[in-house]
Each structure stands twice: as C-alpha cells, then as structure tokens.
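Below is one structure, written out as structure tokens; comments come after it.
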Amino acid sequence: MHEFPGADILDLKRGEITCVLSPDVDKIELFAREACGIAASRHRIRFDGRIMPADEWRRTVAPSWIKETLFDRFTGAEHFFLHPGRGLHTFGILRRTRVLKRAQALLDRFASRIDLSAAAASYDLNEKSILAVVAALLADRPVVIFYRIARHLTLPQFESLTDIMNERKLTGTAFLYIPERIEELTLVADKVYTLNDDALTPVSDFRSIPAAELARVLTPSDGLNILSLHDPIYRAKKVMKEHLTAETVSFENIAASVGLSYDFFRKEFKKKAHTSPKQYYLKLKMDKAKELLLYSSERVEDIAEKLGFTDGSYFAKQFRRHEGTTPNEFRRGKAGAFRQ
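Just remember that my numbering sits 31 ahead of the position in the sequence shown, which is counted from 1.
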C-alpha cells in the first residue's frame with residue numbers, strides 16, 4: 032500500500048501537466064477556487080522556481096472551469112472577450128479580428144461549429160466546455176488550469192485537447208489539470224499530487240501505482256458523461272502514440288492488447304477513424320515530425336531517425352505525400368500556418 036504523507040507546496044513547472052487528486056469533492060472544488068485565484072489559498076504555489084504572491088498569481092493563470100453557474104465568470108462570455116458586444120468593443124478592429132481568427136482556429140481543432148456571436152445562454156454543455164478551453168488558451172498565460180473540463184467533451188474532442196496541451200507544453204506552458212476519472216490522469220499527467228487533510232503531497236513514480244489504488248484518492252465523478260475512455264479504438268490510438276519512435280508496430284499485437292481480433296479491430300478502426308490503422312499511425316508520425324520541425328532545431332535527418340525512419344529519403348517522400356511539401360520547405364515557409 033502506498034502512503035501519501037502531507038506537504039504544502041504545489042510545484043508547477045513550464046512544459047509540464049500537473050494533476051491534483053482528492054477523494055473529497057468539496058475540498059477539491061475549494062482547491063480549484065484557490066488555484067484560480069478567486070479564494071484565499073492556504074496552499075503555497077511555486078512556479079518557475081519561486082513562491083508566487085496571490086496578486087501576481089492571478090495575473091499568471093488562465094482558468095477554464097465548467098460549472099453552469101460559473102460559465103460567464105470563467106469563459107469567453109465576459110472574461111476573455113469572445114463575444115461581440117460583451118467586451119470586444121473595447122479592442123481595436125485589428126486586435127478583435129486577430130482574437131476571433133485564433134478562436135476559430137482552435138474551434139476547428141475540436142470540429143466545432145459554435146457561433147461566437149450567439150448569446151452565452153444558447154450554448155449547450157458541450158459548447159460551453161469547448162469555449163472554456165478556447166478562452167483559457169487564448170489568454171496566453173504561463174499557467175492554464177483545467178477543472179471539470181472533460182465531462183462534456185466527446186472522445187475525439189478530448190483527444191484534440193490532449194494534443195493541444197502537448198503542443199503548448201513545447202512552448203513552455205504549464206498546466207494544472209484536476210481530473211475526475213483515473214483515465215484522464217493516465218492520459219495527461221506528467222506529475223501528480225494528492226490533496227488530503229488540506230495537505231498537498233507529490234506522488235513519486237505514479238505510473239507504477241495500480242489504478243485502483245490511485246482511484247481511492249480521486250474525486251468521485253458526479254455524472255461524468257465523457258464517452259467511455261475504455262473504448263478499444265481510443266486505447267489503440269493511445270498505444271500508437273506511445274510508440275512513434277518505433278520503425279513499425281504490430282497491429283495484430285495492438286488489437287490483442289485491447290481485446291479484439293485483428294479482423295474486427297481493422298474494421299472497427301476504419302469505421303471510427305475513417306482510415307486504416309497503418310495510415311493513422313503514419314499520420315501520427317507526420318504530425319510529430321511537423322511539431323519537431325516547428326519547435327526544435329533538430330536536423331531533418333535526426334527527426335526522421337527519431338521517428339523510426341531508417342531511410343531519410345523515404346521519410347521525406349512520405350512527408351511530401353502527406354503535406355504537399357518537403358520537410359525543409361515546411362520548416363521555412365509553412366511554419367506560421369501550422370502554428371495557427
């Protein structure tokens with residue numbers, strides 16, 4: 032049995048996703064309010080190596096908290112000026128256009144057709160969740176806080192959220208993510224704390240702790256309705272993402288690992304992902320290559336090798352086939368478009 036002794040400092044670092052767990056619903060909600068800077072905090076927060084004063088902390092964080100009664104307070108309806116007539120008039124036309132363009136680009140990542148000019152009351156819970164994410168990301172703060180954000184997202188939308196978080200990590204953003212399901216924790220966390228008896232405690236090597244044991248210190252979900260994270264195709268995609276450095280993977284073994292026969296797995300994958308497992312895996316490699324081309328100075332040959340391509344020319348050929356340009360041309364001329 033693992034013990035979780037007490038501590039009182041939450042240590043957040045750039046480029047990391049930190050999760051906080053608690054078995055007490057009221058306690059974790061109070062902690063979320065403290066972390067968002069709207070309640071006096073009894074916990075100290077260290078960011079970038081120093082303890083943050085409360086006033087400075089409020090200017091550092093971008094909260095994204097979904098609770099119907101708090102929607103207007105924490106999302107674009109007022110706080111981050113997404114809605115014409117409710118804040119955008121305070122900006123010049125160029126800045127307003129730029130903000131809306133960035134908002135639309137993020138909405139596209141979630142395959143959402145939300146009307147940004149609509150009244151806040153007209154949005155359903157899924158739309159509110161997406162807007163809360165978009166608003167926090169648009170704030171361009173060093174720390175982004177996500178609490179109760181996954182419950183009304185679909186699986187593809189949650190997958191898009193994890194992709195965006197991983198991209199933002201590369202640019203130095205720190206995330207404080209408060210999960211409601213153990214599956215969320217295992218998919219996003221770089222570092223984990225527990226909150227018990229008002230003490231924050233770092234959990235070392237949390238990936239070696241059985242899920243059932245971590246679950247005992249996880250806030251119970253009150254009606255969480257994100258589509259099941261136990262979906263075998265979603266789990267198969269996760270396995271592929273974890274093996275991008277391999278030259279290839281065995282799709283038969285992946286099918287077996289999620290409890291499906293290979294023939295059934297291939298049909299289900301095609302039906303849900305609209306592509307074959309092999310093509311999906313190759314697309315993941317190309318997406319990772321684009322990320323490395325944009326946010327690192329590594330040579331193209333080294334990126335190819337890192338992604339399991341033993342032949343650099345074959346990598347360049349596949350990249351051109353997927354992106355319509357060579358890796359070097361992409362890095363030089365299309366980086367700006369990809370960042371949007």
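Yeah, the Cβ is synthetic: ideal placement off N, Cα and C, and Gly gets one too.
Exposure of residue i, with buried meaning 16 or more beta-carbon neighbours within 10 Å
i	result
L43	buried
E99	With a pLDDT of 36 at E99, under the threshold of 50, the predicted position of this residue should be treated as unreliable, and no value is reported.
V56	exposed
K159	buried
G453	No answer is possible for residue 453: the residues shown for the chain start at 32 and end at 371.
R179	buried
T305	Looking at the sequence itself, residue 305 is His, so the reference to Thr does not match. Its Cβ having fewer than 16 others within 10 Å, H305 is exposed.
R77	exposed
I40	exposed
S259	Legend: pLDDT at S259 = 48, less than 50; position of this residue unreliable, no value from coordinates given.
Residue range of the unbroken beta strand (DSSP E) whose run includes residue i
i	result
T232	A230 to P233
L162	Note, L162: premise wrong, no beta strand (DSSP E); alpha helix (DSSP H) at L156 to L169.
One or two residues paired with residue i in a DSSP bridge
i	result
I48	F206
N227	A230
R77	D42 and I82
K222	T49
Pair within 8 Å by beta-carbon distance, residue i and residue j
i	j	result
V174	T225	no
D221	E47	yes
Y293	E283	yes
F189	I161	no
L218	T193	yes
A181	I213	no
K309	H353	no
C50	L216	yes
V164	A134	no
Enclosing alpha helix (DSSP H) for residue i [first to last residue]
i	result
E329	Neither: E329 is in no alpha helix (DSSP H) and is coded neither H nor E.
T193	L186 to L201
L61	V56 to A66
P263	P263 to K272
A347	G343 to E354
A142	Where A142 is concerned, there is no enclosing alpha helix (DSSP H), given that its DSSP letter is neither H nor E.
Q.
Three or more C-beta pairs under 8 Å: does that hold for the stretch 319 to 330 against the stretch 292 to 303?
A. At 8 Å Cβ cutoff, the stretches do not touch.
Q) If you pair each beta-carbon of the stretch 232 to 244 with each one of the stretch 187 to 204, do three or more pairs fall below 8 Å? A) Judged by pairs of C-beta atoms under 8 Å, the stretch 232 to 244 does not touch the stretch 187 to 204, as fewer than three such pairs exist.
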